[in-house]
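The listed protein sequences derive, respectively, from chains A and B. 186 is the number that my numbering gives to position 186 of the first sequence; each next residue is one higher, with no gaps. 1036 is the number that my numbering gives to position 36 of the second sequence; each next residue is one higher, with no gaps. Don't be surprised by glycine CBs; every beta carbon is placed ideally from N, CA and C.
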Amino acid sequence: AATARSSGRASGQIRKRIGSYFSFAGVGCNSVEKKIYVHLNYTVPCVRLLNATHQIGCQSHLSGNVGVLHVLESEENVDWVLRSGPNPPYLVILESPLFTRSIMMKLKNGSSRVAGVAVVAPSANPLEGVSPHTTCPNENTGVYTENYDPSLAHCNVTVWNPLGSGLSYEQFDFPIFSLKDDNDTQVIRQCYMDHNRAVNGSTPQYPLCAMQLYSHMSAVTDTATCMRRNDINFSISPEMVCDPLGDYNVWASTRPINNTAKGHKMWESVVIAAARLDSRSFFFEVAPGAESGVSGFVTLLAAAHALRNATQEAPPNRTILYTFFQGETFDYIGSSRMVYDMQNNNFAVDLDNVHSVLEIGQVGLRADSRLWLHSDPVSRKNDSVNVRKLIESLQTAAKGLNVSVNEPGFSQPLPPSSFQRFLRARPIPGVVIEDHQSAFTNRFYESMYDNAEYLNISYPPNLTPEEQLVFVTDTAKVLLLIANIHHVHVLLNQLYKASPRLPSDSLFNMFSVPQVTRMLYGFLIRSNNSWFQQRIPPDFMSHLTDRPTNFYVGVAQQRSELTHLVQYLLANLTGSTANISQDNCQNQREDEKDKESKHMYSYVWVQGAAPPNSTKREGFCVRSTVRLSKALSPAFDLRDYTSKNYSTWTESRWKSIKGRIFLVASHDLEVNFPFTPQRQHMECRFNLHLCFMNFLRFLLTMNWLCTHCRKSGKLDAGIHCSFLE
Amino acid sequence: MNLERLPNEEKLSLCRKYYLGGFAFLPFLWLVNVVWFFKEAFVKPVYSEQLQIKTYVKRSALGLLLWVTVLTTWITIFQHYRAEWGEVGDYLSFTIPLGIP
């Protein structure tokens, strides 16, 4: 405004200059950005999760964290980053052997000088075990609390995950991303070598290579706070900041149970065969879960399939309920919800109907070819809880199959398992089958290395995906053996009570190793394969990917690919083909007038295979007893967000997650606009210049008006001109 | 508006209007009063209505000072302790920042 007080000539000059500036600003924006920044293609962040008392995970500033790149060479080099480096804050690049608890804790304590961390994920698993999970998983929501038995609480007897570093449950104030070890990462390393590396003891000069990571999380403090902020009505812009974790449990029964009539069912005695579906790792949506999840539920799927053929001839007098629980990693979301529903008459059966529980835990490794049967020492003391019989029949079943099955041999609590939530409600006999006697044999529990390579699922090179699909790996044989045991045990108990003779040969003929092979391939290597494709409905085709399935449970609103896959596979493996039209099938009825079948059965139209001469698939309808039941923690229905009994895990929401690298000039040359509106992304700084320029133009116009009008005497010098002066 | 052209009685009535208006929880009217009439009240040579105008300006200044103190204290306390107040803090806020307590 000071310069605007003027004679006509000066204002004309200014006007011309501003005009040209305007035209330049509009055109040059995007291509300049491309020349400055290199965007990262593969960004896997660590996100913030909250529970009743804590927040864990990572947080960045709203406008991203900028740091000068530094590739960490060793643990001693951390001191350079934290104390002596001349250009803080630094963005530390870690190779995976250095991603340990001690280094991360040091970086966390010096977080004013650390802008972020990027971990380069290796292409092969490390040699020694790494587990970011806690040493005692789910210690507060299992059955071993102070009330139940203080001497067994908090892993006093056995530390289940001794390699656990607890990194997944720490809170960091800077973003931590995971990078693949590929060409993009090589570009980053080269940038560091060229610009940032200190040569012969001299400090590197500007311009330096820098990286900016965006992973701003909206939720903060704990679940109660973020759920409260979700619900606030009168603020200007109501924003959801977090979502509860959850999904759906998948369950099926050998005999149809009326699902519409909830609550206790007379004369129904049910054996629950349980397995866990989900897994996690330090980073978001990276959860290969091979040994911790897949080994268990694939075995149960195989056993369910084998039992279908057997039970069709002679239905057992006890119904078997196959249950696949989701969300067990996060304080037993799925199993706590099922028990809660059973207690509140919201499920097809009741806790009184449950006779026993048999759970398949981590069984993929079998280091010394032995399986262990874990049971709860406290409830066994009660005579009415007959675990002895269960264990004996399992051992008999295993004898004929050349597998050694034992109890741990000393009084030990149950490992972390869904069965613990059933015990919390009432004492029920139950056994958990695992491949470890005391501590886990899984050296990568809940880590990104718990993948197909760890289970030794390897194929000879040069096999096409189709050939890999049918190649029988050793692991498949192992899991099948376990499925055998389970199957035979059940048969012994339920079918052959009267006549204990055991036609073992015919049982073997019913099993098919290819089933397990294909399932392992689909879940651990690639879910987009022909075997899966034949067993899913047509509209699910686009959800299959060329990567391994992700086993992270995710937020409750999104049903994960895994739950759908298990649902359809279970339907195909335990159900039967029904001669129904597609329209009737999709409307859950046998024919137009049928209204009763949907209570007992569920129908799914699968796309099937294409016959050899044509490309169009021939679909068919599968009738089964497979159902989904909601796996959302009861704490959210009860609105008790500080609950100690139920899982309270939520995942924060975020706006954008990305990263980019660029060369940064010295601090003096950086222009930091202090005003950053939250809802606009001012990618292009020229926008702000446009704003100022417009304001300047307005002032100029007013000034011209006033001088003109005053000279001509038309306008009385009113308020406008005095203001300008 | 240019005060120079107004007769003194109108100046006085304008000052009084702004002074009285400020009592309706409008401290900015008092601020305008003080700034606008400062010259009239203290710098110009004496005229008959100037004494009245002087009192109005002084009282406006006093009220303004009171408001400034109260508001500054409340704003400081709120900005500092809102995070610790938890639920109460959230219900008092119009916009809650994302990602920080």
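Short CB-CB distance (under 7 Å) between residue i and chain A
{"i": "B/Gly1022", "result": "no"}
{"i": "B/Gly1063", "result": "no"}
{"i": "B/Leu1098", "result": "yes"}
{"i": "B/Pro1007", "result": "no"}
{"i": "B/Pro1101", "result": "yes"}
{"i": "B/Arg1016", "result": "no"}
Nearest-angstrom beta carbon gap, residue j and residue i [assumed within contact, 8 Å]
{"i": "A/Gln607", "j": "A/Pro548", "result": "That pair is no contact at about 22 Å."}
{"i": "A/Ser60", "j": "A/His305", "result": "A/Ser60 to A/His305, Cβ: 47 Å. No contact."}
{"i": "A/Thr329", "j": "A/Glu446", "result": "7 Å"}
{"i": "A/Gly67", "j": "A/Gly116", "result": "6 Å"}
{"i": "A/Pro415", "j": "A/Trp160", "result": "6 Å"}
{"i": "A/Leu307", "j": "A/Val271", "result": "About 11 Å; that fails the 8 Å criterion."}
{"i": "A/Val81", "j": "A/Val92", "result": "6 Å"}
{"i": "A/Arg660", "j": "A/Gln212", "result": "5 Å"}
CB contact check: residue i to chain C, cutoff 7 Å
{"i": "A/Arg83", "result": "Given the protein chain composition of this structure (A and B), no chain C is represented."}
Bridge partner(s) assigned by DSSP for residue i
{"i": "A/Met211", "result": "A/Gly67, A/Ile661"}
{"i": "A/Pro45", "result": "A/Phe177"}
{"i": "A/Pro244", "result": "A/Thr650"}
{"i": "A/Lys630", "result": "A/Tyr248"}
{"i": "A/Ala118", "result": "A/Ile93, A/Phe177"}
{"i": "A/Arg734", "result": "Coverage of chain A is limited to positions 1 through 725, which leaves residue 734 of chain A absent and any answer about it impossible."}
{"i": "A/Arg276", "result": "A/Phe325"}
{"i": "A/Asn406", "result": "A/Trp372"}
{"i": "A/Gln55", "result": "A/Leu50"}
{"i": "B/Thr1072", "result": "B/Thr1072 pairs with nothing; no bridge assigned."}
{"i": "A/Ile253", "result": "In the sequence on display, residue 253 of chain A carries Ser and not Ile. Paired residues: A/Leu321."}
{"i": "A/Gly164", "result": "A/Ser131"}
{"i": "A/His154", "result": "The partner list for A/His154 (beta bridge, DSSP) is empty, contrary to what the question assumes."}
DSSP-derived helix/strand/coil call for residue i
{"i": "A/His133", "result": "coil"}
{"i": "A/Ile731", "result": "For residue 731 of chain A there is no data in the structure shown, the boundaries of chain A being 1 and 725."}
{"i": "A/Val432", "result": "strand"}
{"i": "A/Gly263", "result": "coil"}
{"i": "A/His355", "result": "strand"}
{"i": "B/Ile1053", "result": "helix"}
{"i": "B/Val1089", "result": "For clarity, residue 1089 of chain B is Gly in the given sequence; the question names Val instead. B/Gly1089: helix per DSSP, three-state reduction."}
{"i": "A/Thr642", "result": "coil"}
{"i": "A/Gly289", "result": "coil"}
{"i": "A/Gln678", "result": "Reliability fails at A/Gln678, whose pLDDT of 36 lies under 50, so the model's placement of it is uncertain and no value is given."}
{"i": "A/Met448", "result": "coil"}
{"i": "A/Lys711", "result": "helix"}
{"i": "A/His61", "result": "coil"}
{"i": "A/Thr225", "result": "helix"}
{"i": "A/Met217", "result": "strand"}
{"i": "A/Val385", "result": "coil"}
{"i": "A/Lys655", "result": "strand"}
{"i": "A/Gln437", "result": "coil"}
Beta carbon proximity, residue i to chain B, threshold 7 Å
{"i": "A/His54", "result": "no"}
{"i": "A/Lys711", "result": "no"}
{"i": "A/Arg639", "result": "no"}
{"i": "A/Arg623", "result": "no"}
{"i": "A/Arg685", "result": "Caution applies to A/Arg685, whose pLDDT of 47 falls short of 50 and renders its modelled position unreliable; the model cannot decide the point."}
{"i": "A/Arg318", "result": "no"}
{"i": "A/Cys706", "result": "no"}
{"i": "A/Ala697", "result": "Correcting the residue type first, residue 697 of chain A is Arg in the shown sequence and not Ala. For A/Arg697, the answer is no, since every Cβ of chain B falls outside 7 Å of its Cβ."}
{"i": "A/Arg308", "result": "no"}
{"i": "A/Arg796", "result": "Residue 796 of chain A is absent from the model: chain A starts at 1 and stops at 725."}
{"i": "A/Arg229", "result": "yes"}
Quiz item: Listed in chain order, which residues of the region 238 to 260 of chain A have Cβ atoms closer than 9 Å to some Cβ of chain B?
Solution: Glu239, Val241
Quiz item: Going along the region 192 to 222 of chain A in order, which residues come within less than 7 Å of chain B, judged by CB to CB distance?
Solution: His216, Met217, Ser218, Val220, Thr221
Quiz item: Which residues, in chain order, does the region 166 to 179 of chain A contribute to contact with chain B at a C-beta distance below 8 Å?
Solution: none
Quiz item: Which residues, in chain order, does the region 60 to 93 of chain A contribute to contact with chain B at a C-beta distance below 8 Å?
Solution: Leu62
Quiz item: Taking Cβ-Cβ distances below 8 Å as the criterion, which residues of the region 1077 to 1091 of chain B are in contact with chain A?
Solution: Gly1086, Glu1087, Asp1090, Tyr1091
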